[in-house]
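J.: Residue numbers (this note's numbering): 3 to 119. All residues carry an ideal CB built from backbone N, CA and C; glycine is no exception. Keep in mind the model is a prediction, meaning the values are calculated, not measured.
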Amino acid sequence: NCYCLLNRVEFGFAILGSFFKCGYEPDVTTFSTLINGLFLDDSVIEAEKLFKKLLTRKLCEPNEVMILTVINGLCRAGHTLTAYDLLGVFEKTSWKPDVLSYSTVIDSIQGLCNSGR
3 NCYCLLNRVE FGFAILGSFF KCGYEPDVTT FSTLINGLFL DDSVIEAEKL
53 FKKLLTRKLC EPNEVMILTV INGLCRAGHT LTAYDLLGVF EKTSWKPDVL
103 SYSTVIDSIQ GLCNSGR
């Protein structure tokens with residue numbers, strides 16, 4: 003988390019590599035931290051790719067924190083429609099978006115409207 007907050011997400015991934023070499027299984031918190039670090043580093047596409055890879059390969063089960071991290075990161079990066087679509091996808095799963103999820107996307111839409119987009 004420290005490396006990600008210092009905008010040195012590449013060191014976070016280096017540590018992840020060490021996890022695998024030592025036989026440790028990274029958990030949802032580890033992946034959420036790396037996804038957040040990618041968003042903080044303005045690496046939106048890489049964050050989306052990592053999230054999708056986690057889902058398709060079932061490397062970890064996303065929890066509320068991870069999903070909100072992705073939704074918030076997408077909205078902050080101006081990818082509001084993608085975040086909105088993601089809410090729709092998760093509405094069909096066992097995880098149901100809550101007030102915070104919806105308000106994050108609504109605030110982002112409001113920001114787009116206020117800026118004339």
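Can you grab the Cα-Cα spacing for the pair lysine 98 / glycine 80, in whole Å?
T.: So the alpha carbons of these two residues sit roughly 23 angstroms apart.
J.: What residues in its chain sit with their C-beta under 8 angstroms from that of phenylalanine 21, if we drop five residues either side in the sequence?
T.: Glu27, Pro28, Thr32
J.: Do cysteine 62 and leucine 70 have their CB atoms nearer than 8 angstroms?
T.: no
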